[in-house]
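All remarks here apply to the structure that follows.
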Amino acid sequence: MIRSEQERQRIASVDALRARGIDPYPAPAFPVTHHCASLKEHFEEGVKVKLAGRLMSRRIMGKASFAELQDHEGSLQIYLNRDELCPGEDKSMYNDVFKKLLDRGDFIGIEGETFKTQVGEPSVKVTALAVLSKAIRPLPAVKTDEEGNVHDAFTDPELRYRQRYVDLVVNPDVKNTFIARSKIIRKIREVFDAKGWMEVDTPVLQSIPGGAAARPFTTHHNALDIPLYLRIANELYLKRLIVGGFNGVYEFSRNFRNEGMDRTHNPEFTVLELYVAYKDYHWMMETTENLFGELAQAVHGATEVPLGEHTINFAPPYARVTMHDAILEHTGVDIDGLDEAGLRKACEDQGIDTDESMGRGKLIDELFGEKCEHHYIQPTFIMDYPTDMSPLTKAHRDKPGYTERFELMINGTEVANAYSELNDPLDQRARFEDQLKLADRGDDEAMFIDHDFLRALEYGMPPTSGIGIGIDRLVMMMTNQTSIQEVLFFPQMRPESFETAGGDADFSALGVPGAWAEHLVAAGFTTPQDVLDAKPTQVHQRLNGFRKKNKLDIPALSLEEVSAWYEGAENPAS
267 MIRSEQERQR IASVDALRAR GIDPYPAPAF PVTHHCASLK EHFEEGVKVK LAGRLMSRRI
327 MGKASFAELQ DHEGSLQIYL NRDELCPGED KSMYNDVFKK LLDRGDFIGI EGETFKTQVG
387 EPSVKVTALA VLSKAIRPLP AVKTDEEGNV HDAFTDPELR YRQRYVDLVV NPDVKNTFIA
447 RSKIIRKIRE VFDAKGWMEV DTPVLQSIPG GAAARPFTTH HNALDIPLYL RIANELYLKR
507 LIVGGFNGVY EFSRNFRNEG MDRTHNPEFT VLELYVAYKD YHWMMETTEN LFGELAQAVH
567 GATEVPLGEH TINFAPPYAR VTMHDAILEH TGVDIDGLDE AGLRKACEDQ GIDTDESMGR
627 GKLIDELFGE KCEHHYIQPT FIMDYPTDMS PLTKAHRDKP GYTERFELMI NGTEVANAYS
687 ELNDPLDQRA RFEDQLKLAD RGDDEAMFID HDFLRALEYG MPPTSGIGIG IDRLVMMMTN
747 QTSIQEVLFF PQMRPESFET AGGDADFSAL GVPGAWAEHL VAAGFTTPQD VLDAKPTQVH
807 QRLNGFRKKN KLDIPALSLE EVSAWYEGAE NPAS
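Residue numbers 267 to 840, in this note's numbering, belong to the letters of the sequence shown in order.
Printed below as a string of structure tokens:
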């Protein structure tokens, strides 16, 4: 493995600590009594404390030093005086361990007493110090000047998402987003549990990827020798539970869809699904807007929430607009009475690309998604979807050709999708068969027929309303984020390639003496090809300079020895 100079120095410190009888990764628990932020908030002088966390900075001033300790709550200044930390003859804990062998990012435990400095800064005077974990890699050095300007910030999105563990340490505000996410999920559970609805678990591996129109991930079960799919939705399983007699069930479901990735889509995502018997979509609209108002209060203490250049008002009631009226308002197209050919022409007139696999429902969806969706910034229920778009939804009680379905739009993005659930088994079977016809035309998002679900419906399901709420998108709205990657600890990314260093045998094969082979990587030549890519004179100078700097007890190399490595090698430097 390739190591930087700082990493090699830190590894040397690990060895030095062990040589002094100090385990850099001790097994015993450290008895923490206080945490930084709460200690600071309720600060009193003269309190005996035990704290643990990362050493984030040091200001060494001879026999005394100040340092910053950061734990999961925040940070606090600590003060170390050599003679108080080491009251006896042995001063090595301060002179050697703290000053020389510890680095920024190391975990330490301290014992001491609270006090305020002359400028009134809450601090802890350290009387005992323990090494808890030695960090091998240095953290990014993010600096803030006196005016509050941040320099060398760790802001590159790809690095932040790949190394979220570093992001959380050096960008403390990132942690607040995930604290808010946890608070939202806890509040939803609190509200639903108070209503007597039961949280359940349903299968992630499914023999039929039902409940949504989406492209699934496929896998194979070796013991059963059958294909399986990662779930795209849990809807059909939750409805089975309503058939079985539960009044209300909900699940925080990890779903997987083998589709595109952008600022609002990740192939793995979290959806809350709720199904309640004897309710309809009007009831679900009221339930949803009341829930979202409570969530905003729980996170922000108010129903008005900043989101980019907008302020979103989550206080109910929300606007209600039919799909027909939304498309008519923003495109001038009246979808009533238009057949597939008419809708295809309407899409083309609007500059929307189509293909032959698109049926009537998909064409209407394209019209709304491309020309209407982005207009709905404030929470708005888009309701009464055409039957062609909604194969699992009950037919509208008053509008032939439409269903009792709504989607909740916020900031131009769908956050929730809900129905008066279709409980007519014969109608449901016919809808599934229509989906098969779309699949035959090449629509790879058409639904499968789930015969067991149809069998369950034939035993009878009471009138039911169900909803799916995208938790990731909801958290985005509640935390002023414009990218779904910002609300996922570990968003999906392309695999990272790791460069590995050449081994001693690789260098020895080049002709490098055995005593030197183990030092070439540390000197900056990670592979034999790195040596060959440099000129012999450059290699000669660098290696002998490395030998002198590190006081290696090995013979110096002559230029003739180094030049011999290039003889017969492929692609040597000219």
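Glycine residues also receive a C-beta, built at the ideal position from the N, C-alpha and C atoms.
Fair warning: this is a prediction, and the values are worked out from it, not measured in the lab.
Rounded separation between Thr803 and Leu825 - CA only: What you label residue 803 is simply residue 537 of the sequence shown in a count that begins at 1. What you label residue 825 is simply residue 559 of the sequence shown in a count that begins at 1. Using only the alpha carbons, I get a separation of about 7 Å.
Length of the line joining the Cα atoms of Ile750 and Glu575: Against the sequence shown, residue 750 aligns to sequence position 484. Against the sequence shown, residue 575 aligns to sequence position 309. If I take the Cα positions, the gap works out to 18 Å.
Integer Cβ distance of Phe518 from Ile601, believed to fall under 8 Å: Reading the sequence shown from its first residue, position 252 is the one you call residue 518. Reading the sequence shown from its first residue, position 335 is the one you call residue 601. Between Phe518 and Ile601, the beta carbon gap of about 35 Å keeps them out of contact (Cβ cut-off 8 Å).
Where Ile450 falls: helix, strand or coil (DSSP): In the sequence shown, residue 450 corresponds to position 184, counting from 1. In the structure shown, Ile450 sits in a helix (DSSP, three-state: H, G or I).
Spatial neighbours of Asn415 in its chain, beta-carbon cut-off 7 Å, leaving aside the 5 residues before and after: Indexing the sequence shown from 1 puts residue 415 at position 149. Cβ within range, chain order: n/a, list empty.
Burial state of Gln758, where buried means 16 or more other Cβ atoms lie within 10 Å: Counted from its first residue, the sequence shown places residue 758 at position 492. Around the beta carbon of Gln758, a 10 Å sphere encloses fewer than 16 other beta carbons of the protein chains shown; the residue is thus reported as exposed.
Contacting residues, own chain, Cβ-Cβ under 6 Å from Leu786 (five flanking each side not counted): Position 520 of the sequence shown, counted from the first residue, corresponds to residue 786. Excluding residues within five positions, the ones whose Cβ falls inside 6 Å are Phe773.
Beta-carbon spacing of Ile508, Ala543 below 9 Å: Residue mapping note: residue 508 aligns to position 242 of the sequence shown, counting from 1. Residue mapping note: residue 543 aligns to position 277 of the sequence shown, counting from 1. Cβ atoms of Ile508 and Ala543: closer than 9 Å.
Cβ-based burial, Thr659 [other Cβ within 10 Å; buried from 16]: If you number the sequence shown from 1, residue 659 lands on position 393. Taking a 10 Å sphere around the C-beta of Thr659, we find 16 or more other C-beta atoms and assign the residue as buried.
Helix, strand or coil at Ser840 according to DSSP, with G and I counted as helix: The residue you call residue 840 lines up with position 574 of the sequence shown. With a pLDDT of 49 at Ser840, under the threshold of 50, the modelled position of that residue is not reliable, and the figure given next carries that caveat. In the structure shown, Ser840 falls within a coil segment according to DSSP collapsed to helix, strand and coil.
Which of helix, strand or coil DSSP assigns to Asp528: Looking up residue 528 in the sequence shown gives position 262. It is a strand residue.
Buried versus exposed, by CB contacts within 10 Å (16 or more), Val599: Taking the sequence shown and counting its residues from 1, the one referred to as residue 599 is at position 333. By the neighbour-count definition (other C-beta atoms within 10 Å, threshold 16), Val599 is a buried residue.
C-alpha gap between Gly726 and Met743, whole angstroms: Numbered from 1 along the sequence shown, position 460 holds the residue referred to as residue 726. Numbered from 1 along the sequence shown, position 477 holds the residue referred to as residue 743. Annotation: Gly726 to Met743 spans about 38 Å, alpha carbon to alpha carbon.
Completely contained alpha helix (DSSP H) runs for the stretch 398–469, where each covers 4 or more residues: The stretch 398–469 contains, as complete alpha helix (DSSP H) runs of 4+ residues, the segments 423–428, 430–436, 438–460 (chain order).
Ala295 classed as buried or exposed, judged by whether at least 16 other C-beta atoms fall within 10 angstroms: Walking along the sequence shown from the start, residue 295 turns up at place 29. Exposed.
Contacts around Leu688, its chain only, beta-carbon distance under 6 Å, and the 5 residues preceding and following it disregarded: Position 422 of the sequence shown, counted from the start, is the residue given in the question as residue 688. The beta carbon of Leu688 is closer than 6 Å to those of Leu658, Thr659, Lys660, Gln694 in its chain, skipping five residues each way along the sequence.
Residue burial classification, Ser840 (beta-carbon count within 10 angstroms, cutoff 16): As a first step, residue 840 is located in the sequence shown; it is residue number 574 there, counting from the start. Low confidence applies to Ser840: its pLDDT is 49, below 50, so where it sits in the model is not reliable, and the reading given next is rough at best. Per the 10 Å Cβ criterion, exposed.
For Leu346, the first and last residue of its enclosing beta strand (DSSP E): Residue 346 sits at position 80 when you count from the first residue of the sequence shown. Taken as a continuous stretch (DSSP letters only), the beta strand (DSSP E) holding Leu346 covers 341–347.
Tyr250: first and last residue of the uninterrupted beta strand (DSSP E) it sits in: Limits of the chain in this structure are 267 at one end and 840 at the other, which puts residue 250 out of reach.
Of the residues Lys545, Leu405, Tyr427, the one placed nearest Asp418, counting alpha carbons only: Your numbering for residue 418 matches position 152 in the sequence shown. For the residues Lys545, Leu405, Tyr427, the minimum Cα distance to Asp418 belongs to Leu405.
Backbone secondary structure at Ile492 - three-state DSSP: Along the sequence shown, read from residue 1 onward, the residue named residue 492 stands at position 226. In the structure shown, Ile492 sits in a strand (DSSP, three-state: E or B).
Neighbour flag for His531 against chain C, beta carbons, 9 Å: The question asks about chain C, but that chain is absent: this structure has only one protein chain.
Proximal residues to Gly790 (C-beta, below 7 Å), its chain only, five neighbours per side dropped: Here residue 790 is taken as the residue at index 524 of the sequence shown, counted from 1. For Gly790, same chain residues with a beta-carbon under 7 Å away, outside a window of 5 residues either side, are Arg808 in chain order.
Rounded separation between Ala841 and Asp621 - CA only: Only positions 267 to 840 of the chain appear in the structure, and residue 841 is not among them; the question remains open.
As assigned by DSSP and simplified to three states, the class of His566: Taking the first residue of the sequence shown as 1, we reach residue 566 at position 300. In the structure shown, His566 sits in a helix (DSSP, three-state: H, G or I).
Simplified DSSP assignment, three categories, for Ile508: Residue 508 sits at position 242 when you count from the first residue of the sequence shown. Helix.
Paired residues, beta bridge with Phe381 - DSSP: Working through the sequence shown from its first residue, we reach residue 381 at position 115. Paired residues: Ser389.
Coil, strand or helix - Gln804 by DSSP: On the sequence shown, residue 804 is found 538 positions in, with the first residue counted as 1. When secondary structure is reduced to three states using DSSP, Gln804 falls in the helix class.
Boundaries (first-last residue) of the beta strand (DSSP E) holding Ala684: On the sequence shown, residue 684 is found 418 positions in, with the first residue counted as 1. Bounds of the beta strand (DSSP E) holding Ala684 are 679–686.
9 Å Cβ cutoff met for Arg430 and Phe373: Counting from 1 along the sequence shown, the entry for residue 430 is found at position 164. Counting from 1 along the sequence shown, the entry for residue 373 is found at position 107. No. Outside cutoff.
Which residues DSSP lists as bridging Gln795, in chain order: Position 529 of the sequence shown holds residue 795. Within the DSSP bridge table, the entry for Gln795 names no partner.
Alpha helix (DSSP H) runs wholly inside the stretch 606–674, at least 4 long, in chain order: Taking only runs of at least 4 residues, the alpha helix (DSSP H) segments lying wholly in the stretch 606–674 are 606–615, 626–637.
Where Ala394 falls: helix, strand or coil (DSSP): For the purposes of this step, residue 394 is identified with residue 128 of the sequence shown, where counting begins at 1. Residue state, collapsed to three classes: strand.
Stretch-stretch touch, CB-based, cutoff 8 Å, three pairs: the stretch 320–338 with the stretch 347–361: Yes, the stretch 320–338 touches the stretch 347–361.
Opposing strand residues paired with Ile374 [DSSP bridges]: Taking the first residue of the sequence shown as position 1, residue 374 is located at position 108. Looking at the DSSP output, Ile374 bridges to Gly319, Val397.
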